[in-house]
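The end of the sequence shown is residue 258 by the numbering used here, with every number in the run present. Reading through the structure tokens given below for one structure.
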Amino acid sequence: MLILGVDVETTGLSTEKDKIIEIGAVVWDTEQSKPVAMLNHLVKQPELMPLEEKIIKVTGITETDLNQFGLDEGKAMEEFILLAEKCEYILAHNGNKFDKPIVDKALASHGLILDKHWIDSMLDVAYPTSTRNLTHLAAEHSFLNPFAHRALFDVLTMLTVCDKYNWSEIVERSRSPEVLVIAKVTKDERFLAKEKRFRWDPQNTRWIKNMRQYDLDKTKFDFEIEIVSLS
């Protein structure tokens, strides 16, 4: 099975107004556990210059880099489509909430369409730990990402971690509806929610956890829960 891992660095964190300044994509052969093709491009976005300092600090990408080595977004998206068409699925970390809407918006702006099922490695992999931070996950799986927040390196890190799990199970989980599970616990019982890796939602003063129905059906809780459909 061929899966296209993808990551984007952007001018900001808004999927509505911000745009891609770097895209990395790797075709991963799950049978051979290796990358077979790669793409990495800086992307020019002159109308959104100058870059915010916090973006430069996080990514290390500067306006000089973009001016000297950046590619037109349309060209970068065309190359991305060529790789995607050879793969069965697309994989991104927190992709459903960030990478997919950003990529879909970029494709649409150039009249391009991508009809592929997306897998979200933040939600669709059964990690044994509560962390979902990619750098921390890499460390938990004895892998070091030398250049965090650079697209190609983040993709290779994600794929290396995911490859330690059953790909068929990852795909099956990704096709299951996403739900928000609310733990109905008292203050004294909050340790029960913590043990099941719920997180505190201060805005709504509750313990919550995003899950796939696939996992919810196999999980037993020592407390009452409320389920909200997100799909």
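Yeah, the Cβ is synthetic: ideal placement off N, Cα and C, and Gly gets one too.
Distance between Lys-84 and Asn-160, taken at the CA atoms: about 18 Å. Here the region 188–208 does not lie against the region 124–136, with fewer than 3 beta-carbon pairs under 8 Å apart.
Judged by DSSP in its simplified three-state form, Leu-78 adopts coil rather than helix or strand. For Lys-211, the enclosing beta strand (DSSP E) stretches over residues 205–211. Within its own chain, the residues whose Cβ lies closer than 6 Å to the Cβ of Asp-45, once the five positions on either side in sequence are excluded, are Thr-37, Thr-38 and Gly-39, listed in chain order. In the DSSP secondary-structure assignment, Tyr-116 is bridged to Ile-30 and His-144. Going by beta carbons, Leu-207 and Leu-150 fall outside the 7 Å limit.
The count of Cβ pairs closer than 8 Å, one atom from the region 113–123 and one from the region 88–102, stays below three, leaving the stretches out of contact. Judged by beta-carbon spacing, Leu-118 lies within the 7 Å limit of Ser-148, meaning their Cβ atoms are closer than that value. Rounded to whole angstroms, the gap between the alpha carbons of Asp-56 and Val-35 is 21 Å. The secondary-structure analysis by DSSP pairs Pro-62 across a beta bridge with Trp-55. The region 160–191 is shown to contain whole alpha helix (DSSP H) runs of 4 or more residues at 161–167 and 178–189, in chain order.
Residue pairing for Trp-227: DSSP places it in a beta bridge opposite Trp-234. A buried status is given to Leu-186, since no fewer than 16 other beta-carbon atoms sit within 10 Å of its beta-carbon.
Take the alpha-carbon of Val-212 and the one of Lys-236: they are about 13 Å apart. Shown here, Asn-94 sits in a helix according to DSSP, grouped into three states. Between Ile-209 and the set Ala-165, Lys-191, Glu-251 and Lys-247, the nearest pair of CA atoms involves Glu-251.
Each residue's CA atom was taken as its position, placing Met-238 and Val-152 some 11 Å apart. If you ignore the 5 residues before and after Leu-219, its C-beta comes within less than 6 Å of the C-beta of Val-212, Asp-249 and Phe-250, all in its own chain and listed in chain order. Restricting attention to Pro-73, Val-53, Pro-77 and Ile-48, the CA atom closest to the CA of Ala-64 is found in Val-53. Our two residues, Leu-110 and Leu-31, have alpha carbons roughly 7 Å apart in a direct line.
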